[in-house]
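Beneath this line is the structure, given in structure tokens, with notes to follow.
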Amino acid sequence: MSSFDYQHQLGHCPISFSGDISELSLRVQQWLRPYNAYACVIITDDTVGKLYAELLQSAVQSAERSCQVLSFPAGELSKTRETKAALEDRLFALGCTRKTVVIACGGGVVLDMAGFIAATYLRGVPCFYLPTSLLAMVDASIGGKTAVNTPQGKNLIGTFTQPKAVYIDVSFLSTLPVAELWQGWSEMVKHAFIKDATLLNDLAVLADHLRNHQSIDSTLWLQTIKSSIEVKAQVVQADECERSGERQVLNFGHTVAHAIEAVSDYSITHGDAVRAGLWIESYLSYQHHELSNSDWQRIQQFLSLAPIVDIQSWSAQQWDACIECMFRDKKSYVDDIRCVVLKALGVVNTNDHQWTISIDQQAMRQACQAYAKELSS
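So the sequence shown is numbered by the numbering used here: it starts at 451 and just counts up by one.
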């Protein structure tokens, strides 16, 4: 079992890595040891709960703690204020106090939801993350962002609250369909594009295995996931709460991606939307900023390793609705679309430390049209 810590404003967050599910019980016992007389609540979704709730509950009970499991319907459509309130009501009904530890077990929706609940319930209780999807391992589990969606957009209400610790066990990935693994691959590609292009070598190997439905060695998983997380942790440590703006570089591809998700009513998954966003925002980087033709060609070739995003049939009206959503993005100013753009592959255009650049509405429309044309070719 390997590990590393990333520093944050209130201390540090240990992140442990494993490829052996039998180590889970020991890890949970280590988590709970400092919290004497604390009860434990596991928050998960209905899908993950069926697979792992009993195993995790047994691990908690081996630490001699009482344990309750709360679950909610799986999927992005459950990531709402209403779901959060319903789960909080159940915590109150159970008599949960500040001497309660929350363990979030699931994908990104679960971690965002449980983290937000733990941050606000009685003004804060300890929370630990056990991500079970690749996307959650490389994204939601790192950085302390918690949130729910609203009708106005994605992740618009939330907090910056760090988990006490994160346990990443790649054996969870063996239960996931290939389509789900592509979701996390997309976020790892983003990390390579903004900060460390050397990651693309291992990501190309992963893509080859995924396309051919080949099993992936736990060593390759651990190496690639840890490298990707280190990129994100480096950015988070520099600007944990987005005060300087540097943390916005992690939103490369996401101005477009969040809009695609919202317009599709979340029928387009986050990872698929991110791949579309990476293409479009890289195109903008090439057409209107400093990205070289050779880097642009390499980006296109690399993104083509993954399945086509299922938006070939989108109408001009849907793309216009997407652009309208971009004006409500968290990075935007009044009447403004803002994106992170690349200076080179692995290097973000800092825009004199503003970190994002204002994108003309017509330029964004042309970029979306270029992507639609690429999908149909």
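The beta-carbon is built from N, C-alpha and C at its ideal position, and this holds for glycine as well. These numbers were taken from a predicted model, which means no experiment stands behind them.
Asked, Found
"Glu477 versus Leu728: straight-line alpha-carbon distance, rounded", "Going by the sequence as given, residue 477 is Arg instead of Glu. For Arg477 and Leu728, the distance between alpha carbons rounds to 36 Å."
"Meets three-Cβ-pair contact criterion under 8 Å: the region 501-517 and the region 531-540", "no"
"Leu734 to Ala813 span [Cα, whole Å]", "8 Å"
"Nearest-angstrom Cα separation, counted from Gln816 out to Tyr579", "41 Å"
"Unbroken alpha helix (DSSP H) run spanning Tyr736, endpoints", "His720 to His738"
"Terminal residues of the beta strand (DSSP E) in which Ala794 lies", "Leu792 to Ala794"
"Cα-Cα separation, Val790 to Cys818", "16 Å"
"Residue nearest to Cys555 in terms of C-alpha spacing, selected from Ser583, Pro484, Val575 and Val655", "Ser583"
"Secondary structure of Leu580, DSSP reduced to three states", "strand"
"Met638 and Thr705 closer than 7 Å at C-beta", "no"
"Of the residues Cys546, Pro464 and Asn605, the one placed nearest Phe566, counting alpha carbons only", "Asn605"
"For Ile807, the nearest candidate out of Glu711, Asn701, Asp722 and Leu795 (CA to CA)", "Asn701"
"Residues bridged to Arg788 (per DSSP)", "Ser808"
"Helix, strand or coil at Thr625 according to DSSP, with G and I counted as helix", "helix"
"Cut-off 7 Å between Cβ atoms - residues of its own chain near His738, not counting five sequence neighbours on either side", "Ala813"
"Same chain, Cβ closer than 6 Å to Val551, five either side skipped, listed in chain order", "Tyr485, Tyr488, Cys490 and Pro576"
"Test item: CB-CB of Glu696 and Ala688 under 7 Å", "yes"
"Ser466 and Tyr617 closer than 7 Å at C-beta", "yes"
"Endpoints, beta strand (DSSP E) assigned at Lys595", "Lys595 to Thr600"
"DSSP bridge partner residues for Val519 (one or two, in chain order)", "Ile492"
"Identity of the residue in Tyr502, Phe522, Gly593 and Cys517 nearest Asp496 by Cα", "Phe522"
"Residue(s) in a DSSP beta bridge with His458", "Gly461"
"Alpha-carbon to alpha-carbon, Glu692 and Asp458", "The amino acid at residue 458 is misidentified as Asp; the sequence shows His. Each residue's alpha carbon lies about 13 Å from the other."
"Cys463 to Tyr456 span [Cα, whole Å]", "5 Å"
"Contained beta strand (DSSP E) runs [length at least 3] in the region 643-717, N- to C-terminal order", "none"
"Check whether Leu520 and Arg548 have beta carbons under 7 Å apart", "no"
"Burial state of Asn651, where buried means 16 or more other Cβ atoms lie within 10 Å", "exposed"
"Glu532 burial status per 10 Å Cβ neighbour count (16 or more: buried)", "exposed"
"Start-to-end residues for the alpha helix (DSSP H) that takes in Lys534", "Arg531 to Ala543"
"Per-residue DSSP class, three states only, for Tyr875", "The shown model of the chain, from 451 to 827, leaves out residue 875, and the question about it has no answer."
"Exposed unless 16 or more other CB atoms sit within 10 angstroms - verdict on Glu740", "exposed"
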